[in-house]
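Please read the structure below before turning to the comments.
Protein chains: 2
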Amino acid sequence: MKIEGNYTEKAELLKALAHPTRLCIVHGLMDSECNVNKITGCMEMPQSTISQQLAILRSKGIIEGRRKGTEICYSVINKKAREIVTLLMND
Amino acid sequence: MKIEGNYTEKAELLKALAHPTRLCIVHGLMDSECNVNKITGCMEMPQSTISQQLAILRSKGIIEGRRKGTEICYSVINKKAREIVTLLMND
DNA sequence: TCCTTATATCTGTATATTACGATATTACGA
DNA sequence: TCGTAATATCGTAATATACAGATATAAGGA
Chain G
82 MKIEGNYTEK
92 AELLKALAHP
102 TRLCIVHGLM
112 DSECNVNKIT
122 GCMEMPQSTI
132 SQQLAILRSK
142 GIIEGRRKGT
152 EICYSVINKK
162 AREIVTLLMN
172 D
Chain V
82 MKIEGNYTEK
92 AELLKALAHP
102 TRLCIVHGLM
112 DSECNVNKIT
122 GCMEMPQSTI
132 SQQLAILRSK
142 GIIEGRRKGT
152 EICYSVINKK
162 AREIVTLLMN
172 D
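Printed below as a string of structure tokens:
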């Protein structure tokens, strides 16, 4: 079993989720979209940290941001990521 | 949504899988156990690298090694890890 | 245009991860 | 005990990641 590009891609999806903050964010966004300000408040972390974590999730196609005036609302758009998080959160 | 220890633990499970070599190893071990020598050959990587990757998987309870004489055969023992890998490998 | 709010990006720093060769450890037969 | 095969561990250098403050960018109303 030699490593094919396929494993690399899948590992990268997992890596994006493999961080407590990001996992929490994705889990929270699974049912309803949310703006950065709210996420920042809920996580009780600096806004810049949250923005960076969102950027990682975005770059892997896990979440998508939708601009609403001065705000951006994020939602989960990746099916596999949803399934993984659901699986993880179910005992 | 504040981060609970729960997310940390789940993120660590993902992190162990979030590497192409380790993902490949776990996938390969899902159906039949295998010794280090064979894994090393299949992956075409140095034995020490493989041993270290196996150590990470072991430390997270994903795989288990069973000594058979001079050999150690590894197998997947973590249900969640199995489910995640299965999910990932199915289109 | 200016000011305010919301958010992304940049920068610097500390820490973690990865890869591999060298070496230590374990098991076993002669 | 010695030699060999199998495997784990150590040491090191390179690279990636995480975090947070400072600042840039985008949106909108006065």
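Chains as they are written, first to last, in the numbering used here: chain G, 82 to 172; chain V, 82 to 172. C-beta atoms are modelled at their ideal positions from N, C-alpha and C, and glycine is treated no differently.
| Check | Outcome |
| --- | --- |
| Are the C-beta of residue 101/V and some C-beta of chain G separated by less than 8 Å? | yes |
| Measuring only the C-alpha atoms, how far is residue 134/G from residue 93/V? | 17 Å |
| Can you determine whether any heavy atom of the ligand ADP sits closer than 7 Å to the C-beta of residue 144/G, and answer yes or no? | Questions concerning the ligand ADP fall outside what the structure shown contains, since it holds no ligand whatsoever. |
| So residue 98/V and residue 95/G are supposed to be a Cβ contact under 8 Å. How far apart are they, rounded? | 5 Å |
| Count the other C-beta atoms from every protein chain shown that fall within 10 angstroms of the C-beta of residue 167/V, then say buried if there are 16 or more, exposed otherwise. | exposed |
| Less than 8 Å between C-beta atoms, sequence neighbours within five positions excluded: which residues of the same chain meet that for residue 116/V? | 149, 152, 153, 154 and 155 |
| Rounded to a whole number of angstroms, what is the C-alpha to C-alpha distance between residue 160/V and residue 157/G? | 25 Å |
| Tell me which residue opens and which closes the alpha helix (DSSP H) that residue 164/V is part of. | 160-170 |
| Are the beta-carbon atoms of residue 143/V and residue 162/V separated by less than 8 Å? | yes |
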